[in-house]
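Visitor: Quick one: the structure is below, and I'll ask about it shortly.
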Amino acid sequence: MSAQGLSDRRIQLIRLVCFFFAATSFVIGSWMMIDPAAAWGSMGLNVGDGPFVQALYGGAIMGEGAM
0 MSAQGLSDRR IQLIRLVCFF FAATSFVIGS WMMIDPAAAW GSMGLNVGDG PFVQALYGGA
60 IMGEGAM
């Protein structure tokens, strides 16, 4: 990094990457809240009969994406 700071192109790239992470967090978190059994099941995890904690975790991920 030079003494002049980041270039405009580099800043645009960083913003694009951050937007991508936020958008995917929002989508995955929403899926985990709407259907936690299917979301966690796609990762090979069984959530059992009461997936409250898993849905709560999905809400936290969705909130991260919204911010």
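Residue numbers for the sequence shown follow numbering that gives the first Met the number 0, beginning at 0 and rising by one.
Built from N, CA and C at the ideal position, the CB exists for glycine as well.
1) My understanding is that M32 touches G57, with C-beta atoms under 8 Å, so please give their C-beta distance in whole angstroms.
2) Do you know how far the Cα of F19 is from the Cα of G64?
3) Starting from M32, trace the alpha helix (DSSP H) both ways and give me its first and last residue.
4) For the alpha helix (DSSP H) that contains Q53, what are its first and last residues?
5) Rounded to whole angstroms, what's the CA-CA distance from R9 to Q3? Just pull it up for me.
Guide: So, to answer that:
1) In this structure, M32 and G57 form a Cβ contact; the two beta carbons are roughly 4 Å apart against a cut-off of 8 Å.
2) Rounded to the nearest angstrom, the two C-alpha atoms are 10 Å apart.
3) First-last of the alpha helix (DSSP H) with M32: D7 to I33.
4) Its alpha helix (DSSP H) spans residues F51 to A65.
5) If you take the alpha carbons of R9 and Q3, they lie about 13 Å apart.
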